[in-house]
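Quick notes on the structure that follows.
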Amino acid sequence: MASRQDDLNKTLVALTSSAFLLPAYQSAMADAPPEFTEIGTRYSKYKEDDISAKKAFGGRSERYDIDVAQFYLLAPVSDDWSVALDVSWEDMSGASPWFVGESIEADDAKVIMSGASIEDTRTEVSVTTRYYFDSGNAGFNYTYSDEDDYESKALSLDGSINSEDGLTTYSAAVSASDDDITPTQGAYPTNTLDATKDVRSAWLGVTQIVSKRALVRFGLSYTYRDGFLTDPYKYLDDRPDERKEWTVSAGYRYFLEEPNAALHVDYRYFDDDWGIASQTVDVAWVQTFKDTTVSPFIRYYSQDEADFFSNIDYEDTDYFSDDYRLSAFGAFSYGLRLSHEIGNWSINADAERYQTDESWGVYGGEESPGLVEFWRYGVGLNYAFK
Amino acid sequence: MGRIEHRFKAMGGPCCLRLDANDDVMAKRAIAAAVAEVVRLEKKYSRYLDDSLTSQINRAAGAGVPVPIDHETSALLSYANTVWEESQGLFDLTSGVLRLAWDFKSGRCPNQLEIDALLPLVGWDLVQREEGSVYLPRAGMELDFGGCVKEYAADSAAMQLRRSGVTSGLIDLAGDMAAFGTPQGNVSGTSGWPVGIRHPVEKDKAVAGVNLPEGGLASSGDYERCLHIDGKRYGHILHPHTGWPVQGLIAVSVLAAQCIVAGSSATIAMLKPADEALDWLDNLGLPWLAIDVDLNCHGSLVASQQLSPG
């Protein structure tokens, strides 16, 4: 069949596409638990670039470093149940911007770093059970996360239903988390000693197979945050105690038989009542060779600043933040994901570079001296008990 | 455990199911599911069974009331419409009624009047397809899913095997085949199920052997039923516009990702004059084999004759 695949003509495409709409070719996608138990482990490293002397008082400074170790298990329990367990450990260290001050010698703002004072470890345990039925599946997840200064408990429920013709999948999810914030007391004062935060969110999605080779999906989500939303460690930070966020997203997948590859294009628009809006475009090429998958990807992100963002607190506003994460900027990240299967084993590796600049954004705003650039890379190993 | 073979009769012919399994119980369940699927489709679409959906649709012809159909039937009709369009009207689910004029057992050639009487009942474009219903507007019109259901059943049964956890299997419904996975014990480097394409005249002989990878192999042949009158050969493949047998090839086999596409392609080729059919197959982009009236073999699968047939 391979020798003539290049010559696929119009008739063949028409017949194949039309046949694909028959139920027999849809049931491959019927929901069923994984056939085999799978375990996996993964190590990844997140490393922020040093902040330059130009942008920080006190000269060049190192920033955040996170080491992450993960373990997961996914197992079928019966014909229609599966259970998954994810455990991760994070070790964080380094410095982060404490506040932004005005430089005397030049008319610009610089960051005062927290000093290499942060040391924290986080443990997260997440359990998911999933029930599969003829036309869909439903999942229940509980996640517990604990670190020195933060504790989070989250519940989520999700479900998806396939249409009778198998071409459309409707999905929905709701989640809720209760978080406790108890900042570590050190050399600098914190914005609270003990506070709480609740997050509630809901998500709706539709995936539509449009042809044998293409599918589209749309999503809509709403998140409501309530409680202490101020960064406890940032000196001047003072944020509203409520935040409402909306996102709409759209994705497109196109599969090519020759070469054995898929094109993924995703777009996301985010808007909230803090005045932040953002847009994300993701493009990935997933190329499969015999047992190897190579996937280069690039992501563009641009965000508008929060109404109360400013480097220097000149105006008398109700709220204030000089956190670079609430400023206007544009960012590119790009990288490569690799995976390779050897019998029941699969190994994977990925690397990502993230770079940002105020001038790359589509929204205008005050440039934060604290913008971050980082590397992220990881390696993982999975085993399936086939 | 290893290779399991199960033979059964369905859709008017001998059927065979081969699969590799390491678990006896799972294999039995898989075979039962695959056979049940073939039987389900036969009961639903056979025009020989009074209580089939096809018979209901045909009985309602000209009665003024559309017959409700499910999603699967609607998708099959829509597929048949695509094949009709792509074949410029040669593939026509309503052409089966012409067989009333052609009794290949009697050895008698019908006269033009008999054929003319049936031609108004043939015409896919007359069929009224709505969302959820179908209606044949003229009394005596008939739908015949014979041209695509056996191939569809092979694909669907293969899917049942997969869903039951079988990793490698072959379904053969009287020559229409669907396969997936690599059979155990294949010589290293070869993938697919070794199958033979039957010789049109010498039934025990394979005219070509191929390794059937993921996908289907379907054959359409004219050799089994034909009339020889005054030295002229009349095959049973009837042209839907004239009502007369097509002077074309005597056998065509096509390999495709789906058995139903292989089957439709082979059928379209059989409906074309021989020269035109060979050109059409050559341009289609699928591996094929055709045999003309002089028993000459044509097509990209001829070379694979050297491969060991199954």
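From first to last, the protein sequence lines are chains A and B.
Just so you know, the first sequence maps onto residues 18 to 403 in my numbering.
Just so you know, the second sequence maps onto residues 229 to 538 in my numbering.
No residue lacks a Cβ here, since even glycine has one placed at the ideal position from N, Cα and C.
- Cα atoms of Ser306 (chain B) and Val227 (chain A): separation of roughly 16 angstroms, rounded to the nearest angstrom.
- Glu300 (chain B) belongs to the set of residues whose beta carbon lies under 8 angstroms from a beta carbon in chain A.
- Gly292 (chain A) sits away from Val117 (chain A), with the two beta carbons spaced by 8 angstroms or more.
- Not one beta carbon of chain A lies nearer than 8 angstroms to the beta carbon of Tyr273 (chain B).
- Val142 (chain A) sits in a strand when the DSSP states are folded into three classes.
- Think of a sphere of 7 angstroms around the beta carbon of Thr310 (chain B): the chain A residues whose beta carbon falls inside it are Ala31, Leu32, Ser35, in chain order.
- What Asn26 (chain A) touches in chain B, judged by beta-carbon distance under 9 angstroms, is Asn511, Leu512, Gly513, going in chain order.
- Interface flag for Ala249 (chain B) against chain A is unset, since no Cβ pair is found closer than 8 angstroms.
- With respect to Val265 (chain A), Tyr241 (chain A) sits apart: the two C-beta atoms are not nearer than 8 angstroms.
- Within the region 479 to 509 of chain B, the residues whose Cβ lies closer than 9 angstroms to some Cβ of chain A are Leu483, Ala484, Ala485, Gln486, Ile488, Val489, Ser492, Ser493, Ile496, Trp508, listed in chain order.
- Lys307 (chain A) counts as exposed, since fewer than 16 other C-beta atoms from the protein chains shown sit within 10 angstroms of its C-beta.
- Listed along chain B, the residues sitting closer than 8 angstroms to Asp182 (chain A) by beta-carbon distance are His299, Ala303.
- Arg316 (chain A) is a Cβ neighbour of Val298 (chain A), given a cutoff of 8 angstroms.
- According to the DSSP secondary-structure assignment, Glu107 (chain A) is paired through a beta bridge with A:Val85, A:Arg139.
- Of all residues in the region 389 to 408 of chain B, only Arg390, Arg391, Gly393 come within less than 9 angstroms of chain A when Cβ atoms are compared, listed by chain position.
- The straight-line gap separating the alpha-carbon atoms of Thr282 (chain B) and Ser180 (chain A) is approximately 25 angstroms.
- Per DSSP, Asn154 (chain A) is not a residue of any alpha helix (DSSP H); the beta strand (DSSP E) it occupies stretches across 153 to 164.
- Among the bridge pairs identified by DSSP, Leu280 (chain A) is matched with A:Tyr271, A:Trp302.
- Among the CB atoms of chain B, none fall inside 8 angstroms of the CB of Ala279 (chain A).
- Nearest Cα to Arg393 (chain A) within the set A:Leu353, A:Gln87, A:Ser95, A:Phe402: A:Leu353.
- About 11 angstroms separates the beta carbons of Thr410 (chain B) and Gly397 (chain B), which is beyond the 8 angstroms limit, so they are not a contact pair.
- Boundaries of the beta strand (DSSP E) harbouring Gly244 (chain A): 231 to 244, taken from the DSSP string.
- The region 456 to 466 of chain B makes no contact with the region 506 to 516 of chain B; the number of CB pairs closer than 8 angstroms stays below 3.
- According to DSSP, residue pairing for Lys62 (chain A) in a beta bridge involves A:Asp84, A:Tyr394.
- Residue pairing of Ser194 (chain A) in beta bridges, as defined by DSSP: A:Ala171, A:Val216.
- The criterion of a C-beta distance shorter than 8 angstroms is satisfied by Ala262 (chain B) and Ile399 (chain B).
- With its beta carbon at least 8 angstroms from every one in chain B, Pro257 (chain A) lies outside the interface.
- Counted as a single uninterrupted DSSP element, the alpha helix (DSSP H) harbouring Ser492 (chain B) occupies residues 487 to 498.
- The C-alpha of Thr495 (chain B) is placed about 18 angstroms away from the C-alpha of Leu523 (chain B).
- Take Lys271 (chain B), set aside five residues on each side of it, and the residues of its chain with a beta-carbon closer than 7 angstroms to its own are Leu277, Ser280, in chain order.
- Of A:Arg147, A:Thr213, A:Ala301, the smallest CA-CA separation from Val311 (chain A) is found for A:Ala301.
- Any Cβ of chain A closer than 8 angstroms to the Cβ of Glu358 (chain B) would place that residue at the interface, and such an atom is absent.
- In the DSSP annotation of this structure, Gln316 (chain B) is not part of any alpha helix (DSSP H), being labelled neither H nor E.
- Of the other Cβ atoms in all chains shown, 16 or more fall within 10 Å of the Cβ of His467 (chain B); this residue is therefore buried.
- Chain B places a beta carbon closer than 8 angstroms to that of Pro40 (chain A), counting this residue as a contact.
- Taken in chain order, the unbroken stretches of alpha helix (DSSP H) that lie wholly in the region 243 to 305 of chain B and span 4 residues or more are 252 to 273, 281 to 287.
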